[in-house]
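Engineer: Provided herewith is a single structure, encoded as structure tokens, for subsequent inquiry.
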Amino acid sequence: GLTGADSALPIWADFMSAALNRHPEWQGDWQMPGGVEQVEIDARTGMLPAAAVIDENGAPVAVKRRTEIFISGTAPTTESEELEVVEGVASELPEGPAGATDLALPDAPEVFTEDVPPDPAPRPRTNAPRLEGRGVTQPDGTSRLLGTITLDIDPTTGLLAAPTCPVIRSKTFQIGQEPRRYCGPEYHNGKTIQPSATRPPVVN
Numbered sequence: 073g074l075t076g077a078d079s080a081l082p083i084w085a086d087f088m089s090a091a092l093n094r095h096p097e098w099q100g101d102w103q104m105p106g107g108v109e110q111v112e113i114d115a116r117t118g119m120l121p122a123a124a125v126i127d128e129n130g131a132p133v134a135v136k137r138r139t140e141i142f143i144s145g146t147a148p149t150t151e152s153e154e155l156e157v158v159e160g161v162a163s164e165l166p167e168g169p170a171g172a173t174d175l176a177l178p179d180a181p182e183v184f185t186e187d188v189p190p191d192p193a194p195r196p197r198t199n200a201p202r203l204e205g206r207g208v209t210q211p212d213g214t215s216r217l218l219g220t221i222t223l224d225i226d227p228t229t230g231l232l233a234a235p236t237c238p239v240i241r242s243k244t245f246q247i248g249q250e251p252r253r254y255c256g257p258e259y260h261n262g263k264t265i266q267p268s269a270t271r272p273p274v275v276n
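Listed below in structure tokens is the structure:
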């Protein structure tokens, strides 16, 4: 009865502990990779922080700054402008009638279109698409899914193990060759097996 996070976190912690024990050089500070840069931005606008923000009384107000990481060349290059009244901060824009803020929108950039030929008309399908996946052989004779899968099975029946199975073993199968039916108490010669929530599966 564990949720995904409750069961995944201990597994991840064990994995990382083993990895760091095996590779102690991975511990410590990491160096920032090339091609990225850290830039301080205004947390409210996502742009570079303005030089100064003045409140209603003419006093300077601290800008909420935050350091963000950008791919080189994608960081903002212009300072933020106060486009909205923030609690305790006066807008730099003039107010219109009834206290409404009059926002002047910037001119839209010109869009140039070239004479591009229209896309050719779509061709109708002449046959149904081939289904790809388990059990479908491709033209080269291989199956689309390759590899192995490890499942818990009941070794007496060869079926997928259920919590009521008396013995559970892990077994690796070629994809497409694994059992798909589940075992149950009815497969164990009429024996009634009480499932135990605390009994861990036996793994080889």
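Under the working numbering, residues 73 to 276 are what the sequence shown spells out, in order.
From the three backbone atoms N, C-alpha and C, an ideal C-beta is built for every residue, glycine too.
Nothing here was measured: the structure is a model prediction, and the numbers come from that model.
1. Might you give, ordered along the chain, the residues of its own chain that have their beta carbon closer than 8 angstroms to the beta carbon of T220, omitting 5 neighbours on each side?
2. Using 8 angstroms for Cβ pairs, my map puts P238 next to H260. What's the rounded Cβ distance?
3. Applying the 10 Å Cβ sphere with the 16-neighbour rule, what's the burial state of A77?
4. Can you tell me whether D224 is helix, strand or coil according to DSSP?
5. V135: buried (16+ other C-beta within 10 angstroms of its C-beta) or exposed?
6. Determine contact between the stretch 114 to 126 and the stretch 77 to 88, defined as no fewer than three beta-carbon pairs at a distance below 8 angstroms.
7. Provide the residue(s) that pair with S242 in DSSP beta bridges, ordered along the chain.
8. Starting from the C-beta of G256, find all residues in its chain whose C-beta is less than 7 angstroms away, skip the five residues before and the five after it, and write them out in chain order.
9. Measuring straight from C-alpha to C-alpha, what distance separates A147 and E97?
10. Please indicate yes or no: does the CB of E128 lie closer than 7 angstroms to some heavy atom of the ligand NAP?
11. Determine the closest residue to V133 out of G100, P121 and I143, with distance taken between C-alpha atoms.
12. Is DSSP giving P82 helix, strand or coil here?
13. Would you kindly work out how many angstroms separate the C-alpha atoms of F142 and M104, rounded to a whole number?
14. In whole angstroms, what is the alpha-carbon distance linking V108 and G118?
Structural biologist: According to the data block:
1. T244, F245, Q246 and I247
2. 7 angstroms
3. exposed
4. strand
5. buried
6. no
7. D224
8. A234 and T236
9. 32 angstroms
10. With respect to small molecules bound, the structure shown includes none, and the ligand NAP cannot be examined in it.
11. P121
12. helix
13. 12 angstroms
14. 17 angstroms
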